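Protein chains in written order, with the working numbering: chain A, 1490 to 1616; chain B, 736 to 868. Ideal placement from N, C-alpha and C gives every residue a C-beta, glycine not left out. Remember, it's a predicted structure, so these values are computed and weren't measured experimentally.
Here it is, written out as structure tokens:
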């Protein structure tokens, strides 16, 4: 069977507000004060509360599932780096290259509303 | 009840299992996920693929607890072996793959494996975090 070819991801976006951060803390069980406590976050290098990194990362998986279908996800590997924090009231959107590279992986990313990359990574589809 | 001490960088040993956690994702949990991500209602027997990272993170949060406040995720790798079924009991084990000091920061690399009922692999991931202390 020939290897599946990567195609550009269907974009997905999410406004990351107070409601989303609280809902994600409850879903993930991650109550890190960096995400939930303004006073604590003010004393960190970020200077303000930031969203959970995986809140935006999940959006990439949503894009992958929307593009290839849930049934095609088995065997996929997604490797990412968190480049920049996502602050409350940012809007994030998923992006990808138009085609896979020679190594068979597709460059994928999440950007904020200023066009800054907040997550960068590579997707390898199942053989 | 006395709270256990938080996992510190010094207390994490490469190769050691930090903990494991079992969770069962029911339909109401899936509905909360779909509300957050504005997903379409899903009546399939399998969990939405987009939930994979959430399952791993929720299990990690339970298995490695408490953690020092202020930890930051730096990178992640996740392979999906199969989508679990709604209502399936999932067990995740978190093991320290490695740790290192770089430019004064405490980097911890954790290997995370989620298996379903019968021991069939669902997810395998590497979570790299900068540990707060």
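query, result
"So which residues on chain A does residue 781(B) lean against when the C-beta distance must stay under 9 angstroms?", "1559, 1560"
"What in chain B is Cβ-close to residue 1545(A), meaning under 8 angstroms?", "Per Cβ cutoff of 8 angstroms: no residues; residue 1545(A) is ~10 angstroms from chain B at best."
"Locate the beta strand (DSSP E) running through residue 1527(A), then write down its first and last residues.", "Taken as a continuous stretch (DSSP letters only), residue 1527(A) belongs to no beta strand (DSSP E), being part of the alpha helix (DSSP H) at 1527–1531."
"When you compare each of 798(B), 842(B), 841(B) to residue 754(B) by their alpha carbons, which one comes out closest?", "798(B)"
"Which residues in the same chain have their Cβ closer than 8 angstroms to the Cβ of residue 749(B), if we skip the five residues on either side of it in sequence?", "831, 832, 833, 834"
"Just tell me which of 768(B), 864(B), 862(B), 742(B) has its CA closest to the CA of residue 1516(A).", "768(B)"
"Rounded C-beta distance between residue 1499(A) and residue 1552(A)? I'm assuming under 8 angstroms.", "6 angstroms"
"Mapping DSSP to helix, strand and coil, what is residue 852(B)?", "helix"
"Under a three-way DSSP split, which group does residue 1594(A) fall into?", "strand"
"Report the three-state DSSP secondary structure of residue 1568(A) (helix, strand or coil).", "strand"
"With a CB to CB cut of under 7 angstroms and the five nearest residues on each side skipped, what residues in its chain are close to residue 1609(A)?", "1569, 1570, 1572, 1598"
"Does the region 1498–1513 of chain A come close enough to the region 1552–1562 of chain A that 3 or more CB-CB pairs lie under 8 angstroms?", "yes"
"Between the region 803–820 of chain B and chain A, which residues of the former have a C-beta closer than 9 angstroms to a C-beta of the latter?", "804, 805, 806, 807, 808, 809, 810, 811, 812, 813, 814, 815, 816, 817, 818"
"Residue range of the beta strand (DSSP E) that residue 1580(A) falls in?", "1579–1585"
"Are the CB atoms of residue 843(B) and residue 758(B) nearer to each other than 7 angstroms?", "no"
"Name the chain C residues whose beta carbon is nearer than 7 angstroms to that of residue 792(B)?", "Given the protein chain composition of this structure (A and B), no chain C is represented."
"Does the Cβ of residue 836(B) have 16 or more other Cβ atoms within 10 Å, making it buried, or fewer, making it exposed?", "exposed"
"Identify every run of the alpha helix (DSSP H) within the region 777–837 of chain B, keeping only runs that are complete inside it and at least 4 residues long; order them along the chain.", "787–798"
"Bridge partners of residue 842(B), per DSSP?", "835(B), 865(B)"
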